[in-house]
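Residue numbers (my numbering): 49 to 289.
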């Protein structure tokens, strides 16, 4: 597996398309369209893309060095699905893992639900992050005692500021003192502008997939993304013209 590692960007906010092309960066809508093209034109199952993304992120984290526990915070969408895959592969690599499930099982669907069921059947350690009323639980002990936290709460489809309970979970992640790996994008960050839309995870590393997100080029974005690692997912980047 080849990891392209990018630690700093100097382009301005909302760089022109020519600059994005030079840096192999795409806006979030283009990345989602490229995912859909790989599924439609190449007949690559979406579950395969999720598996490749999650396995790549797990192998990246393992290569960065881990001797303690990894706590994987999983949301309800495909980003959370990636998190379940990451937890499974870290477990298979011998890493102690804990999944903090930041949603309800009935909110899951598609590939995310499939991978939730897999880790459930494997009996991987998993705790609910929400109480019966849907409010965030006190996760500070689990987060502070992790060597790594994996942010798999929300991805590039976020349209506005995160609110509770995820906002409260992000606050606990940021105050934990543990190292953080964001999956595709730090939760709460606008992938097109590189600006936080509200409560946003501060990551030490970001494993991003298929292409760099345009916002990662923005001044100040590195304060949220940390070092960015571009990982392949077993499909070419087919951007519709």
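Glycine residues also receive a C-beta, built at the ideal position from the N, C-alpha and C atoms.
- In terms of CA proximity to residue 140, 167 leads the group 167, 125, 224.
- Secondary-structure assignment with DSSP links residue 257 through a beta bridge to 279.
- Distance from the CA of residue 203 to the CA of residue 155, rounded to the nearest whole angstrom, comes to 16 Å.
- Taking the Cα positions, residue 270 is about 18 Å away from residue 112.
- Residues 227, 228, 274 of the same chain have their beta carbon placed closer than 6 Å to that of residue 252, with the five preceding and five following residues left out of the count.
- Counting the other Cβ atoms within 10 Å of the Cβ of residue 223 gives fewer than 16, which makes it exposed.
- Residue 193 is not a Cβ neighbour of residue 172, given a cutoff of 8 Å.
- Going by beta carbons, residue 249 and residue 236 fall inside the 8 Å limit.
- Within the model, the alpha-carbon separation for residue 257 versus residue 135 is close to 17 Å.
- Residue range 76–89 is occupied by the alpha helix (DSSP H) that includes residue 76, with no beta strand (DSSP E) assigned at that position.
- Residue range 227–231 is occupied by the beta strand (DSSP E) that includes residue 227.
- When DSSP states are grouped into helix, strand and coil, residue 166 belongs to the helix group.
- Only exposed fits residue 170, as fewer than 16 other CB atoms lie within 10 angstroms of its CB.
- Closest in C-alpha terms to residue 138, from the list 163, 152, 102, 216, comes 102.
- Within its own chain, the residues whose Cβ lies closer than 7 Å to the Cβ of residue 159, once the five positions on either side in sequence are excluded, are 94, 95, 98, 126, 129, listed in chain order.
- Spatial neighbours of residue 215 in its own chain (CB-CB distance under 6 Å, excluding positions within 5 residues in sequence) are listed in chain order as 247.
- If you compare the alpha carbons of 122, 242, 261 with that of residue 277, the shortest gap goes to 261.
- In the DSSP annotation of this structure, the continuous segment of the beta strand (DSSP E) that includes residue 198 starts and ends at 196–200.
- Cβ neighbours of residue 83 within its own chain (closer than 6 Å, five residues either side excluded): none.
- Excluding residues up to 5 positions away in sequence, 206, 208, 209, 210, 236, 237, 238 lie with their Cβ nearer than 8 Å to the Cβ of residue 245 in the same chain.
- With fewer than 16 neighbouring CB atoms inside 10 Å of its own CB, residue 180 falls in the exposed class.
- Within the segment 140–192, the complete alpha helix (DSSP H) segments of 4 residues or longer fall at 158–169, 188–192, listed in chain order.
- Of the residues assessed, residue 234 falls on the buried side of the cut-off, its CB having 16 or more other CB atoms within 10 angstroms.
- DSSP places residue 103 in the uninterrupted alpha helix (DSSP H) bounded by 94–112.
- In this structure, DSSP gives residue 207 a state outside helix and strand, which the three-state scheme calls coil.
- With a cutoff of 8 Å on beta-carbon distance, residue 255 and residue 86 are scored as not near each other.
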